[in-house]
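Residue numbers (the working numbering), protein chains in the order written: chain A, 293 to 897; chain B, -3 to 1025.
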Amino acid sequence: MKIKKYMVYISLIVIGEILIFSCANDPFYAVPIEFNSALTVFSDSMRAEQFVNNAYTESPADVSNSFNWLDGNAMLASASDEAMHVQRNKTSPSAASRMSAGNWGPSNMRLYRSSDGAGEIGSWMKWGGYHGVRKANTALKYMYLLPENTTLRFRNRLKGESYFLRARQHWFLFQKWGGIPYVRKAFEASDDVQVPRNTFKETVDFLISDLDSAIMLLPKDPYDAPWEIGRADRGSCLALKAKILLYAASKLYNGTGVDGTKNELICYGNYDINRWKLAAEVAQEVIDLGWYILYNEGTTGEIRYQKLFNAWGAGTPNREVIHARLRGTNRDTEKDNFPAGFTNSTGGTCPSQDLVDAYEMKDGTLFDWQNPAHAANPYLNRDPRFYASIIYNGAKYSKFANKTNYTFQTFVDGENAKGETATETSYYLYKFMDYSESKPDVNKGGTFHNWMELRYAEVLLMYAEAANEFGGPDYKVVGAKNPVTAVDVLNLVRRRAGMPDVEETFLKRGIPLNQDNLRNFIYNERRIELAFENQRYYDVRRWMIIDTLPQYIRGCRISKNSDNTLTYDPTVIVENKIFERKHYFFPIPQVELNRNPNLIQNPGW
Amino acid sequence: MKKTILLCVAFLLLLSTEIHAQGRTVTGSIIDELNEPVIGANIVEEGTTNGTSSDLKGNFRLELSGKSNVIIISYIGYKNIYFKVSGNSTNLKFKIEPEATELEDVVVVGYGIQKKASIVGAITQVKSEDLQQSSVPNLTNAIAGRVAGVITVMGSGKPGADDSQIYIRGQATTNSTSPLVLVDGIERDWKQIDPEDIESFSVLKDASATAVYGVRGANGVLLITTKRGKIGKPILNISTQTAIQQPIRTPKYLNSYWYATLMNEALTNDGKAPEYTEQDLQHYLAGDSPYTHPDNDYYKDFLKKGSIQQLINMNASGGTEFMKYYISANVLYQEGLYKEFSNALYDTNTNYNRYNFRSNLDFSVTKNLTLGVDLTGRLEVRKQPNFGADLFDKIRRLPPNWQPYINPDGSLGGRSDESRLAPYALISQYGNRSRNKNVLEGVFKLNEEMGYITPGLSFRMMIGYNSSFESRRDISTKPELWQYNRFGEYTLNRQREDISISTGKGPGFRRVSFETALNYARTFNDHDVSGMILYQQSQDWNQWDIPTGYLGWVGRATYAYKQRYLFEMNAGYNGSMQFSKDHRYGFFPAFSAGWVISEEPFFNEDMILSYLKIRGSYGEIGNDKIGDFKYLYEQIYNKAPNNQRFVWIFGEKNYTTSRGLIEGMLGNNKVSWERARKSNIGFDSKFLNNKLSISLDAFMERRTDILAIPYSIPLVLGFNNPQNSEREDKQGLPPENIGIVTNKGIDFELSYNGKIQNFSYFVKGNFTFARNKIERIDEEGKKYDWQKREGKRIGQHFGYTDIGLFQLEDFELDANNQLVLIGGFPVLKEGIPIPTMGVVYPGDARYDDLNGDGIINSYDIGDIGKSNVPEFNYGLTLGANYKGFDLSILWQGAGGAHTYFNEDAIWEFYAQGKVMEHHLGRYNPNDPSTWENATYPRLHAVDSENNHQKSTRWIFERDYLRLKNLEIGYTLPKSILERINLRKIRIFANGTNLLTFDDVMNWDPESSNSTGSMYPQLRNWNIGLNITF
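Dropping the structure here:
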């Protein structure tokens, strides 16, 4: 009996103790310390900066599959009249090929990466979409947590960068879709996210207002600390602002829209010439900063232009770069565009005859197949940028990948015109490449590749276009520190490339220098200078000249005659470039429309 | 731990030598219900350790100490006899009766046991003998076809990794459907428990049975109890089994000649030059140049005809009034299927060794107090060759003409590419990997009868500790590998790497659990009343994860009137650490009632129907097995993945920032458990003087608040699905309690026992059917009904509907009946839907345009077939005994499911892989005779985006019927046993997975893996011996 009672007491004590313990400290101690919350991140200056650093990475880059928003290692150039995309696997066309064939739609729009099954054409979410918008918004939401012992400059810089990044992400969306939902909030899961599209005007206004906020917050001077160079600064903001205003002033938007219905999601609904003035003024501001100069290392225009994309792209080594995705050495771009005739060839982005023909002669006159001298030797004495951008039949390289003193043969049955990856246009892409360092055939070597979102030459071209549209060839911004005309800035760009000045060119061609002629000249200058930089696809749309372009691209069939002379046939149609009115804008992904009934699809899709 | 065993053994020895010689002497003999003498029955003087056992003629002699005049006669499986010795105490005759008719059997229920007669929940209990009959070392594989209400899928036969998937009454949630499994009341790793150690196996199915488990019970509960000792002389049992194992089915690959022929054809189809010349083909056909033109049959060259499995179990049990014990040790040795090569420096077979021991001890400390200590230990050793996947992963892909295993110059053949290393080099020269796992489990139990407060009251308490720990050792060495091709050229493909040994530890796991309860059970005349209240708490530490835990209160009350009207109420009130403070606790009640009609006075005993009980239950249960999500209520910030995509470079020089920080999944502070509302109605009946019994249950479950990702949230939020394998950043929307699934079905069980003189036989059958339907799941608005998961089964297959192959006349043709090519591609005739997955030619797969928009795209992907998990499952056991012989046959089958095969399992030349017999039925563009009746599309040398879409072509009905088990045994007659002084000897032979009838080509219908890389399921040929001392 004694033992029994004893046991009962013990048991009761044990139970009691457990109950007391379980009541006193909730045995489910709440949030375990392993968690990193927003508080732990943003109350620490280093972590907060790391968070913002990551927000930068949302920028796409067509130079590598890793960042590519188009499936199949394609560049957007291949969806425009600049090129066609050649690939080893012929049964599964790349996104660019599908776009060229008109074989795309709302259900093709992917969200993250190709293998997520949603489609082939990205950027609504990742690589330039709302995924990045959220990062900027989250940073802005918690920025107030930054510790007081950090400098005001640091806090403002981080905040300013976040505003810039929010604008940048919306810009990518705006460029493709027009008016889009402008998100200025880091949503919680419980929030109402069924947001409608903002109108075109509202979107532009939000973009400008975010960039203006960023300009106010970012340092007055360019960065000089090694860890800050390359970050968004006032220059980046102004350049992006100029680009947005230039778009907004363009015909596609500055008017009654593609179908004349004044659809306010994709246009202003009226024309206002002052929109060009605004764009010119902001571009002038970038010029007036005096922070940027065109990349000028090298003895010839060809070398200067070529090296611009492979020189390390931040700070003093390359003062042309305003905002770019910089990368350590790699050979991704070479790998994706490696000509046939080499081991591991891929074909890739093959420039079109149309583009090749657009390169002027070295003296500024136009190339013309009707000119027997030109037709006999089409690649002689062309714009130096041609040689820096395009591999053509007979192009010689002292070092090309693992071969030395290599001459390209893209004539019929030539070494570089055979196999699955053979070009159909007879050209291969050379811009962005450095085949003296990168050797995809032996999987060795690498070089820097800068994927430019904004560079100074582009700003100058933006200024030229806007100034000419508003006030013609002689217009200068009133009150500018260094007032310039459209012709002045065009000459800067052309001189770097080793091309004659505008006035001289016009004289040679025998045409007067007036607004209309200069407009066409600027269109071509953009086509050449900014080739393969994801500009042409949008330019022909915003200018609304795409209707006038052929719905196909041409290649050149080069036959070798028995006497070893070559005959060029530049009229071979190699790829259709289907354009319908709906293609002025991208379709909003079907999955997004399904989720959000408040979204209105772009016309025609 | 060793000491504990020694101690037990010492106890054992002590017990057997105990002798008392005082007082009166009792002699007598014991016979059983067949009037046969009972050998080895225990005769004990009550309240003492003084006892003896009956001899071969059933006679005994016991000298009483005089403390008590009562002797207890006990024998396993029979009722105890209490006899008060008075007067003449010699030549007493005792006849023992079998323990209980089945009605009085007890059933293990949640946190207790109940008489079978009073059960109103849906519970099935399987006997230990049935589980042992399967002769499979993994317990999950032993229950297939034996339990009503349980659906099993056996995916792989890899030694040590051959667990079956178990679904209790199918699936009712889109999250984890795995049931809660408790071994002796504690959640434990149960799959590797030796079936021999198991006393009972209960499956708790309805709300009434599982409500006590509250938040963890919704997927059903398995209760496993291990054997315990009973009062009596020591019984020593030794059993040993040896089995030969071989794959049930191996795929039929084509030889080198056909490989080369079809490769040439595929290349031609793709517009490329053929790879093999006519001369090459002749060499393959003749086999006259094995070095340059090998024809390897990897299955033959690298797999044994049969591998050995051995299982030895030894256990001893017995006890006295003071102490009862069950101790056991068992060893399993399971050999892999790979051949061994004399030059292998290390054992590279996929072996699994397991060493288990158990000691379950019960001590009666006082009249009222019992203490128990259970200790279990297990060591598992898994070995395999030194590469990630199984050898099957390589040999499914390597073409037969790839290269010789050993080149003419004696060097080893192999590629540099890790996924196609030559199997010979891999299993002879590559070192091995071993994984050791230690499991240690201990329980301390206390039970106090508190009749001194009020009769029927008792108190119990249990503290348990489980831990497991793994360690690994990899011996790695790589030989030089040379490729020798058919042109006689050598290429050095891989440099030699010297031997290196790496070791590591983890994962480790531990769990501490505690429970304490008050029980009350008493009968007042016609009223049976019982009640229980219990507190329970457990916490898990899983490697470096944040610990999780539960606590809860459990209550049960039962009332029965005249054993006729039965009422029961069960409830659990639980909290789980998974959830935020405000949503942490939940209450889960269940009510049930039963009516035993056969106890009613109006019931005529003489009817064919001898027993009938109707049962019904309704209740709510929770499920917090919500997948990999933990602590969903908090948002976490993570380091961005270490990948150039997540790095932005700043700086004047090539100055790289560290990886950035990113938001993790958003928090959802409302997250809580799933709620299941289950109802069950059923009956138990017996006919023909209890010979035939039938039970049937119909059930209905509605699971709500299922955690699911709210896909309908627009993407402008900036997040999407966090679980997509492509999403390396783990960002995304948090799941919310939004899903609803209903699950309905029946389970049915029947048994018949008959006897014709010496010949007794039985038939046992069971059938389970469960069909679920997703009522609501927040998917991104799909445009068409057929794209939606809502309204369909969990795990429904989606794909294109294959409507045959494109024929030449489907294309625009020119005057010569040749394809018109535009832009280099053929053009389909007007009106034929255009596939967008890739360019098609005659002979490629054609799909149905479900929405009729003229193009085949993701809108045309609809539900095809069913899901992977069978909707019904059945088993039929036939058994017979004649004299010493026994025979049992188990047929088992399942159906109502589809399995999807892809990649190497079924496609041609996948990843430069091989071809199988079914590829011979292909459409050959150059052979018009194949056009009409082709059973396989045009061949491609590379992956064909159009043909290899998931479609009805690649899914197969998973219905099958297996001869799961066939066993013949012989038990030696007692006359012989008497002479050699043993209690029992049984020898037996059995086979498992002997025959399979199904329509799945090449692979087993239960294959867990769609790509053919898995270790195959095994067939066993087994012989065994069972000796009881």
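Using N, Cα and C, we set each Cβ at its ideal position, and we do this for glycine too.
In the structure shown, Q380 (chain B) falls within a strand segment according to DSSP collapsed to helix, strand and coil. Under the DSSP assignment, R492 (chain B) falls outside any beta strand (DSSP E); it carries neither an H nor an E label.
Distance from the CA of I423 (chain B) to the CA of P396 (chain B), rounded to the nearest whole angstrom, comes to 18 Å.
By the C-beta density criterion, S498 (chain B) is exposed, having fewer than 16 other C-beta atoms within 10 angstroms. DSSP, reduced to helix, strand and coil, places Q306 (chain B) within a strand of the structure shown. Close to V883 (chain A), with beta-carbon spacing below 7 Å, are these residues of chain B in chain order: E776. Apart from sequence neighbours up to five positions away, the residues of its chain that approach F630 (chain A) with a beta-carbon distance below 8 Å are N636, S637, T638, G639, G640, A693, T713, P732 and D733, ordered along the chain.
With a contact defined as Cβ atoms closer than 8 Å, R979 (chain B) and G36 (chain B) qualify at about 6 Å. Only buried fits M725 (chain A), as 16 or more other CB atoms lie within 10 angstroms of its CB. Residue-level contact by beta carbon holds for T332 (chain A) and chain B, with a gap shorter than 9 Å. DSSP places Y287 (chain B) outside both helix and strand once states are collapsed to three, so it counts as coil.
R975 (chain B) sits in a helix when the DSSP states are folded into three classes. In the DSSP secondary-structure assignment, N868 (chain A) is bridged to A:Y844.
If you check each beta-carbon in the segment 516 to 539 of chain A against every beta-carbon of chain B, the ones closer than 8 Å belong to P518, W519, E520, I521, G522 and R523. Any Cβ of chain B closer than 9 Å to the Cβ of D483 (chain A) would place that residue at the interface, and such an atom is present. Under the three-state reduction of DSSP output, A269 (chain B) falls in the coil class, being neither helix nor strand.
Separation of N265 (chain B) and N920 (chain B) (C-alpha to C-alpha, rounded to the nearest whole angstrom) is 8 Å.
Cβ neighbours of Y555 (chain B) within its own chain (closer than 6 Å, five residues either side excluded): V525 and F563. For L417 (chain B), the closest C-alpha among the options B:N664, B:L957, B:P400 and B:R429 is that of B:P400. Annotation: C642 (chain A) is outside any alpha helix (DSSP H); the continuous beta strand (DSSP E) that includes it extends over G640 to P643. Within the segment 344 to 421 of chain B, complete alpha helix (DSSP H) segments of at least 4 residues are found at 387 to 391, given in chain order. Taking the Cα positions, A140 (chain B) is about 15 Å away from F744 (chain B). Using a Cβ-Cβ distance cut-off of 8 Å, the segment 837 to 855 of chain B and the segment 786 to 803 of chain B are in contact, since at least three pairs of beta carbons, one from each stretch, lie closer than that value. Less than 9 Å separates the beta-carbon of L333 (chain B) from that of P1012 (chain B).
Here DSSP, grouped into helix, strand and coil, assigns W416 (chain A) to coil. Excluding its 5 nearest sequence neighbours in each direction, F878 (chain A) has C-beta neighbours in its own chain below 8 Å: M401, I413, K468, W469 and N894, listed in chain order. Interface annotation for the segment 849 to 862 of chain B against chain A: N853, S854 and Y855, criterion Cβ-Cβ distance under 8 Å. One Cα belongs to A789 (chain A), the other to V883 (chain A), and the distance between them is close to 46 Å.
Neighbours of A636 (chain B) in chain A, taken as residues at a C-beta separation under 7 Å, are given in chain order as N346. Distance from the CA atom of N489 (chain B) to the CA atom of N360 (chain A), rounded to whole angstroms, is 33 Å. Around A541 (chain A), the same chain offers R567, W568 and A571 as residues with beta carbons nearer than 6 Å, after the five sequence neighbours per side are excluded. At a Cβ-Cβ threshold of 9 Å, T738 (chain B) and S130 (chain B) do not count as neighbours. With respect to L959 (chain B), I1019 (chain B) sits apart: the two C-beta atoms are not nearer than 9 Å. A distance of 9 Å or more separates the beta carbons of A937 (chain B) and A256 (chain B).
When only Cα atoms are considered, W186 (chain B) and V327 (chain B) end up about 16 Å apart. With a cut-off of 8 Å on Cβ pairs, the segment 897 to 914 of chain B is not in contact with the segment 228 to 243 of chain B, counting fewer than three such pairs.
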